[in-house]
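**Q** In terms of UniProt numbering, the numbers along the sequence shown are unbroken and rise by one, the last being 199. Glycine included, each C-beta is placed from N, C-alpha and C at the ideal position. Sharing a structure, written as structure tokens. Questions coming.
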Amino acid sequence: FKSSLSNLASPCLKKRESRKDLLEDERARVDTMCRHNYETVERYTVQRRVQPKVHVSPTKKGSLQHHNMLVCHVTDFYPGNIKVRWFLNGQEETAGVVATELIRNGDWTFQIMVMLEMTPKQGDVYTCHVEHPSLNSPVTVEWKAQSDSARNKTLTGVGGFVLGLIFLVVGVFMHKRSKKGKKAWRRPRLAFLASSSAC
């Protein structure tokens with residue numbers, strides 16, 4: 001079978017090799033068209049780099065000591081080669097880590113989700129660690145386990161601060177406005193007194 005194929009191909013190859021001018025034309029066409037097109041497109045494909053965006057969140061808002069899952073959602077990056085790892089209090093976690101396949105966004109960027117099964121304890125710090133060719137150094141995003149009461153205290157403190165800031169701005173505005181009103185009231189009165197004493 002092999003010899004019959006070579007017998008069939010042999011005349012074509014001999015004819016093609018005898019026409020050196022055709023080979024040179026094909027090589028010149030490749031040199032001019034393909035190399036030019038590659039140089040034009042290279043910066044949009046081969047050299048293109050888009051930095052990933054990283055977001056960490058639990059799958060359910062629960063209290064401490066209950067089984068949960070943290071999701072590290074890495075989006076809008078290019079090229080597709082990426083390394084995502086989980087750390088708990090500085091130690092790499094490999095057990096309970098599940099990742100999706102690389103997902104194409106349709107705009108030449110990718111996304112991936114890497115989940116970590118965990119049971120958070122007070123003070124635990126979980127870190128999603130992302131390495132990508134577009135980054136000079138890895139990106140890390142932390143998630144700190146805290147009790148519902150600690151979370152509520154934080155929210156209450158932030159809410160009180162914002163409310164106090166609003167009252168301060170309204171108070172300053174009203175104070176300035178009342179000063180302008182007093183000045184406007186005094187001027188006509190003084191002018192009236194001056195004109196009545198001239199008579």
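Closest to valine 114 by CA distance: which of Asp124, Leu135, Met69, Asn136 is it?
**A** By 1-based counting over the sequence shown, the position of residue 114 is 114. Out of Asp124, Leu135, Met69, Asn136, Met69 has the C-alpha closest to the C-alpha of valine 114.
**Q** Reducing DSSP to helix, strand and coil, say where alanine 95 ends up.
**A** For this step, residue 95 is matched to residue 95 along the sequence shown. In this structure, alanine 95 counts as coil in the three-state DSSP scheme.
**Q** Is isoleucine 112 helix, strand or coil by DSSP?
**A** Your numbering for residue 112 matches position 112 in the sequence shown. The answer is strand: DSSP assigns isoleucine 112 an E or B state.
**Q** Please work out which residues of its chain come closer than 6 Å, Cβ to Cβ, to alanine 99, disregarding the five sequence neighbours upstream and downstream, and give them in chain order.
**A** What you label residue 99 is simply residue 99 of the sequence shown in a count that begins at 1. If we look at alanine 99 and ignore the five residues flanking it on each side, its Cβ neighbours are Val114.
**Q** Which class does arginine 48 belong to by DSSP, given the choice of helix, strand or coil?
**A** Within the sequence shown, numbered from 1, the residue matching residue 48 stands at position 48. Here arginine 48 sits in coil by DSSP.
**Q** Using the three-state DSSP reduction, which class does aspartate 124 fall into: helix, strand or coil?
**A** Here residue 124 is taken as the residue at index 124 of the sequence shown, counted from 1. Note: aspartate 124 maps to coil in three-state DSSP.
**Q** Between which two residues does the beta strand (DSSP E) holding arginine 85 run?
**A** Taking the sequence shown and counting its residues from 1, one reaches residue 85 at position 85. It spans 83-88 - the beta strand (DSSP E) in which arginine 85 sits, taken as one unbroken run.
**Q** Please report the straight-line C-alpha distance between histidine 66 and lysine 53, rounded to a whole angstrom.
**A** Your numbering for residue 66 matches position 66 in the sequence shown. Your numbering for residue 53 matches position 53 in the sequence shown. Whole-angstrom Cα-Cα distance: 28 Å.
**Q** Can you tell me the Cα-Cα spacing of asparagine 89 and lysine 179, whole angstroms?
**A** Taking the sequence shown and counting its residues from 1, one reaches residue 89 at position 89. Taking the sequence shown and counting its residues from 1, one reaches residue 179 at position 179. If you take the alpha carbons of asparagine 89 and lysine 179, they lie about 57 Å apart.
**Q** For my contact list, valine 125 and proline 138 are in at a C-beta cut-off of 8 Å; report their separation, rounded to the angstrom.
**A** As a first step, residue 125 is located in the sequence shown; it is residue number 125 there, counting from the start. As a first step, residue 138 is located in the sequence shown; it is residue number 138 there, counting from the start. About 16 Å; that fails the 8 Å criterion.
**Q** Looking at the structure shown, is lysine 61 part of a helix, part of a strand, or coil, going by DSSP?
**A** Position 61 of the sequence shown holds residue 61. In this structure, lysine 61 counts as coil in the three-state DSSP scheme.
**Q** Here's a check: name, in chain order, each residue in its chain whose Cβ is nearer than 7 Å to the Cβ of lysine 60, leaving out the five neighbours to either side.
**A** By one-based count along the sequence shown, residue 60 stands at place 60. The residues are Asn68.
**Q** Leaving out five residues before and five after valine 141 in sequence, what residues of the same chain have Cβ atoms less than 6 Å from its Cβ?
**A** By one-based count along the sequence shown, residue 141 stands at place 141. Cβ neighbours of valine 141 beyond the five flanking positions: Val54, Val56, Cys128.
**Q** Apart from the five residues on each side of it in sequence, which residues of its chain come closer than 7 Å, Cβ to Cβ, to glycine 106?
**A** Reading the sequence shown from its first residue, position 106 is the one you call residue 106. Correct list: empty, nothing qualifies.
**Q** Could you spell out where the alpha helix (DSSP H) holding glutamate 24 opens and where it closes?
**A** The count along the sequence shown starts at 1 and reaches residue 24 at position 24. Looking at the DSSP string, the run of the alpha helix (DSSP H) that includes glutamate 24 is 20-29.
**Q** In whole angstroms, what is the alpha-carbon distance linking alanine 145 and methionine 118?
**A** Translated into positions along the sequence shown, residue 145 becomes position 145. Translated into positions along the sequence shown, residue 118 becomes position 118. Cα to Cα, the separation comes out at about 11 Å.
**Q** Roughly how many angstroms lie between the CA atoms of phenylalanine 1 and phenylalanine 77, to the nearest whole one?
**A** Locating residue 1 in the sequence shown gives position 1, where the first residue counts as 1. Locating residue 77 in the sequence shown gives position 77, where the first residue counts as 1. Note that phenylalanine 1 scores a pLDDT of 47, beneath 50, so its modelled location is shaky; the value from the coordinates is reported in the next line. Between phenylalanine 1 and phenylalanine 77, the C-alpha separation is close to 50 Å.
**Q** Determine the extent of the beta strand (DSSP E) in which aspartate 76 is found, giving its start and end residues.
**A** Here residue 76 is taken as the residue at index 76 of the sequence shown, counted from 1. Looking at the DSSP string, the run of the beta strand (DSSP E) that includes aspartate 76 is 68-77.
**Q** Would a C-beta distance cut-off of 8 Å place isoleucine 112 and valine 74 closer than the cut-off?
**A** Residue mapping note: residue 112 aligns to position 112 of the sequence shown, counting from 1. Residue mapping note: residue 74 aligns to position 74 of the sequence shown, counting from 1. A contact, by the Cβ cut-off of 8 Å.
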